[in-house]
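Heads up: the sequence shown begins at 1 in UniProt numbering, then just goes up one per residue. Idealized CB from N, CA, C, for every residue including glycine. Small disclaimer: the values here were computed from a predicted structure and weren't measured. Notes follow once the structure below has been shown.
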Amino acid sequence: MGYIAPEVFSQNFGNVSYKSDIIYSFGMMLLEIVGGRKNTGDTVQNTSQVYFPEWVYNRLCEGEELGIKAEEEEHGLIAKRLTIVGLWCIQWYPMGRPSMKTVNLTQTEQEKERKKQRKRYKV
């Protein structure tokens, strides 16, 4: 399915809007970056990995690595946060998806918090 939101195919998921294109695509891109692979591929050995967002969600719930190797604990936390934002952006129902402004504010607030923590623990 790639980057095409579900509501483009069926109005059972909601009306097509700007969230159908920009937000959904952004979420899928985040998942691909953090997951370290493309959404679909002919090389998938395990059929449970065919629907990539579900594979990412299951790994997140089980506390497994998400695809990229995090060298530091902080990098692992960033990957987890980006995964959560990506999943938030690709919800089946478009009304549940955030706006890009909300996504940006979420990421900005998290970065501010990380900077505060770094300053606190510097000796």
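- For Ile90 against Ala79, the beta-carbon gap comes to about 17 Å, at or over 8 Å, which does not count as contact.
- The three-state reading of DSSP puts Arg97 in coil, since its state is none of H, G, I, E or B.
- Phe26 and Gly86 have their C-alpha atoms roughly 7 Å apart.
- For Ser25, the uninterrupted alpha helix (DSSP H) segment begins and ends at Tyr24 to Gly35.
- In summary, Phe52 is buried, with 16 or more beta-carbon neighbours lying within 10 Å of its beta-carbon over all protein chains present.
- Comparing alpha-carbon positions, the option among Lys101, Glu72, Gly96 and Leu31 lying closest to Tyr57 turns out to be Leu31.
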